[in-house]
Structures are given as structure tokens and as C-alpha cells.
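Structure first, then comments.
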Amino acid sequence: GQSLEQPSEVTAVEGAIVQINCTYQTSGFYGLSWYQQHDGGAPTFLSYNGLDGLEETGRFSSFLSRSDSYGYLLLQELQMKDSASYFCAVRAGGGKVTFGTGTKLQVIP
Amino acid sequence: SQTIHQWPATLVQPVGSPLSLECTVEGTSNPNLYWYRQAAGRGLQLLFYSVGIGQISSEVPQNLSASRPQDRQFILSSKKLLLSDSGFYLCAWLRGESNTGELFFGEGSRLTVL
């Protein structure tokens, strides 16, 4: 089966940089995605890594190391609106997509 | 453009009653479809996924079932709800041939079982 581990909570200061890590165990790995979810809402897609390395999308970057079964999401120039839960998700063979436990990010002034 | 609709948005049901949640995708064909459940303050638990009509993969069989009667329709059902079925149910779709892994989610259905 699949399992994904993330820190449960992270607190960071507005304007700073924060990194959220994700380690996974899976068979038939296709890629790692990141999602943001505000309280009461549905998750929204942030980034995807199918290959090793860094993907950059504006203030958000995501990194993948398939040999280490590890990835991270990097948020730069933090804003108050970035306070939310962040999930990593593994896409495996056969169309299966499994989510991590989620990291609640609190941005403080 | 593609859209995904999920209903009802909110429902309160007694223990032992049946359930039917419906999800429809527009603007795409042969999508992968997913049902997730999220308990308050928790992660997304994969319940079912489907890569085609009539093809359902179950992750948590328990008292829930799913069906895909049409290419862009995905239904989650239960014959008898349990208290533990309370949660936020999310339908999502993914392009089967997608190389970005991007899931598109519906607005969610919040179920309270009393």
C-alpha cells in the first residue's frame, strides 16, 4: 500500500520562507503533487513533480527525490493568506492517488 | 472548460438511513474519478476511484459503495449509515493521460450522521 508522512503543524512569520516535507512509501510511483486547503474549502492544486528536481511556480516551489522517496514544498515571501493546510499526494499505477496526513501552516505577523 | 459538480452540499442523516452523493464532470471525456472523505481536522482518505465506466477500485469497502453508470458520473452510496460516516466528502477528477497529476475537486458534501 501507500503511506505518506508530513509534519502536522508549522508556524512561520510573514515574509519568511517555510519548507514542508513529505516522505512516502509506495509501489508504482508516478509523481508527487501538492495541494492547499483553506478551512471549509476543497483542496486546490499547487504543484507536481514527476521527475527528480525542483519545480517553481511563483512563490511556490516543489522538490522531489525519487531515490529518497522524499519531497518538499517551499513557500517564499509568506503572506497571511498562506495560512492553510498543505497536503502531498502520490500518484501511483492504475490511477490511484493517495494523500498525506496534511500540514497545518500558521503564518504570524 | 471543465467543471465538476457535486451534490448535495450539506446533509444531516440519521444512523441507519441510506446515502447517495452524486458527482458529475463536464467538458472532458474518460476522466479518472475519485471519492475522498475527510474527517474534521484530518487528511483525505481515498474511498474509491474509477478509471472507466463500470470500473471501481475500493480502498475502504466497509458499508460504502460507488458506481459509475456514465463516463462523467460518479455516485457514492450507502444502504445504512454509521456515525463514523460523518465527514466532508470530496469528489475529484483527473485526466487519465495527464502528465501533471492535477486533481480537480468538487465543492464537497458535508455529511452529519446523528
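Residue numbers (the working numbering), protein chains in the order written: chain A, 1 to 109; chain B, 1001 to 1114.
Just so it is clear, CB atoms sit at the ideal spot from N, CA and C, and this is done for glycine as well.
Model, not experiment: these values are computed from the prediction.
I'd like to confirm the pairing. Which residues does DSSP put opposite residue i in its beta bridges?
i	result
residue 96 of chain A	Its beta-bridge partners do not exist; DSSP assigns none.
residue 1112 of chain B	B:1012
residue 1076 of chain B	B:1021, B:1066
residue 89 of chain A	A:33, A:99
residue 1031 of chain B	B:1095
residue 1005 of chain B	B:1024
Applying a beta-carbon distance threshold of less than 9 Å, which residues of chain B neighbour residue i?
i	result
residue 33 of chain A	1100, 1101, 1102, 1103
residue 50 of chain A	1099, 1100, 1101
residue 11 of chain A	Those do not exist, as residue 11 of chain A stays about 16 Å from chain B at its closest Cβ, beyond 9 Å.
residue 60 of chain A	Ordered by position in chain B, no residue passes the 9 Å Cβ test against residue 60 of chain A, which lies about 14 Å from the chain.
So, residue i versus residue j, is the Cβ gap smaller than 8 Å?
i	j	result
residue 1108 of chain B	residue 100 of chain A	no
residue 1082 of chain B	residue 1063 of chain B	yes
residue 37 of chain A	residue 89 of chain A	no
residue 1105 of chain B	residue 43 of chain A	yes
residue 95 of chain A	residue 1032 of chain B	yes
residue 1013 of chain B	residue 1091 of chain B	no
residue 103 of chain A	residue 7 of chain A	yes
Quick one: does residue i have its CB under 8 Å from some CB of chain A?
i	result
residue 1089 of chain B	no
residue 1012 of chain B	no
residue 1057 of chain B	yes
residue 1026 of chain B	no
residue 1107 of chain B	yes
Taking C-beta pairs closer than 7 Å, name the residues in chain B that residue i reaches, listed in chain order.
i	result
residue 102 of chain A	1043
residue 109 of chain A	Going along chain B, no residue has its Cβ under 7 Å from residue 109 of chain A, so there is no contact; the nearest lies around 24 Å.
Output, in chain order, the set of chain A residues within a Cβ distance shorter than 7 Å of residue i.
i	result
residue 1032 of chain B	95
Classify residue i as helix, strand or coil using the three-state DSSP reduction.
i	result
residue 1103 of chain B	coil
residue 78 of chain A	coil
residue 8 of chain A	coil
residue 64 of chain A	strand
residue 1081 of chain B	coil
residue 44 of chain A	strand
Does the beta carbon of residue i sit closer than 8 Å to a beta carbon anywhere in chain B?
i	result
residue 7 of chain A	no
Quick one: which chain B residues come within Cβ less than 8 Å of residue i?
i	result
residue 87 of chain A	1043, 1044
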